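Numbering (my numbering), first residue to last: 25 to 555. Glycine included, each C-beta is placed from N, C-alpha and C at the ideal position. As the structure is a computational prediction, the values presented were derived from the model and not from experiment.
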Amino acid sequence: MKKFIYFLLIANIGFGSYFNLELEETGSSTLFIFGDSITTLDIGDEVGLYDQSGVTNASGDVGEVLVGHGIWSGSQLEVTSVNSIDLSDFGGPILPGAVNGNEMILKVWDASQSLELDGSYLVSNGTGTFNELFTAIQEVYAETDGANNDLITDGCDLPENYFYLNNGEVLYNSSQDIGGFQFSVNGATVNSASGGDAALAGFTVSNSSSTVLGFSFSGSVIESGCGVLTTLDLSGVPTELSNIIVSDSAGGSLSFNYYDDNSNGDGGCLDLDEDGVCDDVDDCVGFYDECGICNGDGSSCNDEAVLISFGDLGGQVLTILNVDYLSNQVCLDDVIVSGPSGESLSSAVGQCLEDPGFSGSNLPIYMNNNVEVAGFQFSVDGAQILSASGGSADANGFQVSSSSSIVLGFSLTGSTIPPYDSDCSNDVDEDGICDDIDDCIGFYDECGVCNGEGISDEYCDCDGNILDECGICNGGGIQDGDCDCNGNVEDCNGICGGDAVVDECGVCAGDGSSCNIPPEGFAFNSSIKQA
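Put into structure tokens, the structure is as follows:
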């Protein structure tokens, strides 16, 4: 008998429940699935599901009520809540339980510490509310103060496609390769941004006092995965990252959010279009059409929203390149254009430029856009880019950067280039830039001088150099000892580049037969004997 009592005591200690559910089944429930991906619970820990504004009794009183619980065994745990049903309108009872639409509040019993902890959770599917459907939970966090962000110390602690700022480190977890990113820092001033996987991937990371932008001139990507994106030097105490824009390797938009422990991993806000942007700050609650118009039908633009060209497709000067030409044909390629919310805009390029002219001259790039443009990138084939400046990009506060073959334009302040207005009231030079923002009312000559005279007839370039006798601008001419521009010399007949040489008899172009040379093995005697 004593052994039996001991067995009951041990069984009660090993398998007893901390949370005591006092509700009876009502026939209405919500299923909460705790996935086997959860790493923060130990075997024997218990989860309790609460509704803070549930129905507590048959009188219909409202308050906190335990509506379900379960013990973690290390594998998937399914907990069914008891939902309230009100039958009083039909003369029936009020059955206590969770109220449909209310948020599920989680509490955790830490068996090893015999301590009840406030909990929160990340949702991988569902809403985290009582709704007679289901919610799948990816991870559970338990803290005595109700916060769990201290547990996020590595990007791999985050759910996929989330950023989190931890002691200056921007942590990330991405399901796809990252081709570029931009975000704002709230509550602090950004002094610099460096290091992290962005630096390892060869990204160029720029910042203003509140915005950070990363991109690659070489087309490299930050491979899918998790870690430290970049490290920020900050003044002040940051609260979160906002205005997050992330693109894939092709310039398409990736949906990223900032991780907040109070959001239960679902964004913590109303997001009707499920684009990862809370509706109260979403520029477009819905979807942009191919013209970049929120909830548009695509009828407000041409076949392509943005046209980039050397001028043959119209528009305004986007930026002016200073180039050295490498070919008689120069072409634009690899155009990527984004809208105000990071959405990729449809685009096309114009015809190639034939016989462009002198190296070291200016090459204007035109953009004909019927929607707002928040960023652009394109490559130039057939010319080496020395610099890029001016145009509507500069007029609208864009930062324009260039490598030898790629141009990238963006704004650190959130400004955009407005749609091209062909009805500009004052555009004397008809270059597509209104005179009030035009850097040059007129035309740039080939030396980049506004309304300049260009290269004078006696010179061969913008620096005042002349052609040498070999036709090379600022060349050194025929070198001393040479007779032409190809490095040839005169032969013994005075012919430039000839092949005549002096033979062993001292005869130019001779065959060596004109001089007396004894046969081999025979020598003349210099003395003469008398007969």
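field: Sequence-distant residues of its chain with Cβ nearer than 7 Å to Asn-44 (five each side left out)
entry: By one-based count along the sequence shown, residue 44 stands at place 20. Around Asn-44: no qualifying Cβ.
Test item: CB-CB of Ile-409 and Val-473 under 8 Å: For the purposes of this step, residue 409 is taken as the residue at position 385 of the sequence shown. For the purposes of this step, residue 473 is taken as the residue at position 449 of the sequence shown. No, the pair does not count as a contact, with Cβ atoms beyond the cut-off.
- prompt: According to DSSP, which residues form a beta bridge with Ser-12?
  reply: Past the boundaries of the shown model lies residue 12; the chain is included only from 25 to 555, so the question cannot be answered.
Whole runs of the alpha helix (DSSP H) within the region 397 to 422, excluding any shorter than 4 residues: 415 to 419
message: Contact defined as beta carbons within less than 8 Å: I believe Asp-75 pairs with Val-123. What is the distance between those atoms, to the nearest angstrom?
response: Along the sequence shown, one-based indexing puts residue 75 at 51. Along the sequence shown, one-based indexing puts residue 123 at 99. The pair is a contact, with the Cβ atoms about 6 Å apart (cut-off 8 Å).
task: Name the residue from Gly-521, Asn-210 and Asn-267 whose alpha carbon lies nearest to the alpha carbon of Asp-506.
output: Walking along the sequence shown from the start, residue 506 turns up at place 482. Measuring from the Cα of Asp-506, the nearest candidate turns out to be Gly-521.
- request: For the beta strand (DSSP E) holding Asp-75, just list the boundary residues, first then last.
  value: What you label residue 75 is simply residue 51 of the sequence shown in a count that begins at 1. Per DSSP, Asp-75 belongs to the beta strand (DSSP E) from 70 to 79.
- request: Grab the span of the alpha helix (DSSP H) containing Gly-220 for me, first residue to last.
  value: Taking the sequence shown and counting its residues from 1, the one referred to as residue 220 is at position 196. Residues 220 to 224.
field: Three-state secondary structure assigned by DSSP to Phe-114
entry: Within the sequence shown, the letter at position 90 stands for residue 114. Of the three classes helix, strand and coil, the one that applies to Phe-114 here is helix, per DSSP.
- prompt: So what's Asp-358 in DSSP terms, helix, strand or just coil?
  reply: Within the sequence shown, the letter at position 334 stands for residue 358. Looking at Asp-358 - three-state DSSP - the assignment turns out to be strand.
DSSP-derived helix/strand/coil call for Asp-492: For this step, residue 492 is matched to residue 468 along the sequence shown. If DSSP states are grouped into helix, strand and coil, Asp-492 belongs with coil.
Proximity winner among Gly-121, Cys-509 and Leu-182, relative to Gly-249 (alpha-carbon distances): In the sequence shown, residue 249 corresponds to position 225, counting from 1. Among Gly-121, Cys-509 and Leu-182, the Cα nearest to that of Gly-249 belongs to Leu-182.
- prompt: Would you say the region 432 to 442 touches the region 228 to 239, given that touching needs at least three Cβ pairs under 8 Å?
  reply: yes
message: Considering only DSSP beta bridges, list what Gly-143 is partnered with.
response: Numbered from its first residue, the sequence shown carries residue 143 at position 119. Paired residues: Leu-130 and Ala-166.
- request: Given a cut-off of 8 Å, decide if Leu-331 and Ala-372 are closer than it, judged by their beta-carbon atoms.
  value: For the purposes of this step, residue 372 is identified with residue 348 of the sequence shown, where counting begins at 1. For the purposes of this step, residue 331 is identified with residue 307 of the sequence shown, where counting begins at 1. In this structure, Leu-331 lies closer than 8 Å to Ala-372 by Cβ.
query: Just reading off the beta strand (DSSP E) that Ser-427 is part of, what are its end residues?
result: As a working note, residue 427 is residue 403 in the sequence shown. Note, Ser-427: premise wrong, no beta strand (DSSP E); not H, not E.
task: Go ahead and pull the three-state DSSP assignment for Gly-534.
output: One-based indexing of the sequence shown puts residue 534 at position 510. Looking at Gly-534 - three-state DSSP - the assignment turns out to be coil, as it is neither helix nor strand.
message: Between which two residues does the beta strand (DSSP E) holding Leu-331 run?
response: As a first step, residue 331 is located in the sequence shown; it is residue number 307 there, counting from the start. Start and end: 330 to 333.
message: Cutting at 6 Å between CB atoms, please list the residues of its own chain near Val-531, excluding the five before and the five after it.
response: Against the sequence shown, residue 531 aligns to sequence position 507. Excluding sequence neighbours, Val-531 sits near Ser-538.
field: Whole runs of the alpha helix (DSSP H) within the region 232 to 277, excluding any shorter than 4 residues
entry: none
query: With contact counted as at least three CB pairs below 8 Å, one residue from each stretch, are the region 348 to 366 and the region 374 to 394 in contact?
result: yes
message: Which residue marks the beginning of the beta strand (DSSP E) containing Gly-87, and which one marks its end?
response: The sequence position of residue 87 within the sequence shown is 63, counting from 1. Element bounds for Gly-87: 86 to 95.
message: Using 8 Å for Cβ pairs, my map puts Val-79 next to Ser-108. What's the rounded Cβ distance?
response: Taking the sequence shown and counting its residues from 1, the one referred to as residue 79 is at position 55. Taking the sequence shown and counting its residues from 1, the one referred to as residue 108 is at position 84. Right, the Cβ-Cβ distance comes to about 4 Å (below 8 Å), so this counts as a contact.
Buried or exposed by the 16-neighbour rule on C-beta atoms within 10 Å, applied to Ser-41: Within the sequence shown, residue 41 is the residue found at index 17, counting from 1. Exposed, because fewer than 16 other Cβ atoms sit within 10 Å of the Cβ of Ser-41.
query: Is Gly-94 near Ser-105, with beta carbons less than 8 Å apart?
result: As a first step, residue 94 is located in the sequence shown; it is residue number 70 there, counting from the start. As a first step, residue 105 is located in the sequence shown; it is residue number 81 there, counting from the start. Not in contact: Gly-94 and Ser-105 (Cβ atoms no closer than 8 Å).
task: Give me the Cα-Cα distance between Ile-519 and Cys-509, rounded to the nearest whole angstrom.
output: The residue you call residue 519 lines up with position 495 of the sequence shown. The residue you call residue 509 lines up with position 485 of the sequence shown. Going from the Cα of Ile-519 to the Cα of Cys-509 covers about 15 Å.
query: Using the rule of at least 16 other Cβ atoms within 10 Å of the residue's Cβ for burial, across every protein chain shown, is Asn-393 buried or exposed?
result: Within the sequence shown, the letter at position 369 stands for residue 393. With 16 or more other Cβ atoms within 10 Å, it is buried.
message: Taking 8 Å as the cut-off, does the region 199 to 211 touch the region 158 to 167 (at least 3 CB pairs, one atom from each stretch)?
response: no
- prompt: Distance, Cα to Cα, Leu-256 vs Ala-217?
  reply: To locate residue 256, count along the sequence shown from 1; it is residue 232. To locate residue 217, count along the sequence shown from 1; it is residue 193. Straight-line Cα distance between these residues: approximately 5 Å.
Proximity winner among Thr-235, Leu-195 and Asn-512, relative to Ala-222 (alpha-carbon distances): Working through the sequence shown from its first residue, we reach residue 222 at position 198. Ala-222 has its Cα closest to that of Leu-195, out of Thr-235, Leu-195 and Asn-512.
- prompt: What separation, rounded to the nearest whole angstrom, lies between the Cα atoms of Cys-471 and Ser-427?
  reply: Along the sequence shown, read from residue 1 onward, the residue named residue 471 stands at position 447. Along the sequence shown, read from residue 1 onward, the residue named residue 427 stands at position 403. Answer to the nearest angstrom: the Cα atoms are 21 Å apart.
message: What does DSSP give as the partner residue(s) for Leu-377 in the beta ladder?
response: Against the sequence shown, residue 377 aligns to sequence position 353. BP columns for Leu-377 point to Val-354.
message: Determine, for Ser-365, whether the minimum Cβ-Cβ distance to residues of chain C falls below 8 Å.
response: In the structure shown, chain C does not exist; there is a single protein chain.
field: Alpha-carbon spacing of Gly-251 relative to Val-86, whole angstroms
entry: For this step, residue 251 is matched to residue 227 along the sequence shown. For this step, residue 86 is matched to residue 62 along the sequence shown. Going from the Cα of Gly-251 to the Cα of Val-86 covers about 44 Å.
field: Cβ neighbours of Glu-102 in the same chain (closer than 8 Å, five flanking residues each side left out)
entry: By one-based count along the sequence shown, residue 102 stands at place 78. Same-chain partners within the cutoff: Leu-55, Phe-56, Ile-57, Phe-58 and Gly-94.
task: Find out if the Cβ-Cβ distance for the pair Met-391, Ser-416 is shorter than 8 Å.
output: Residue mapping note: residue 391 aligns to position 367 of the sequence shown, counting from 1. Residue mapping note: residue 416 aligns to position 392 of the sequence shown, counting from 1. Yes, Cβ-Cβ distance for Met-391 and Ser-416 is below 8 Å.
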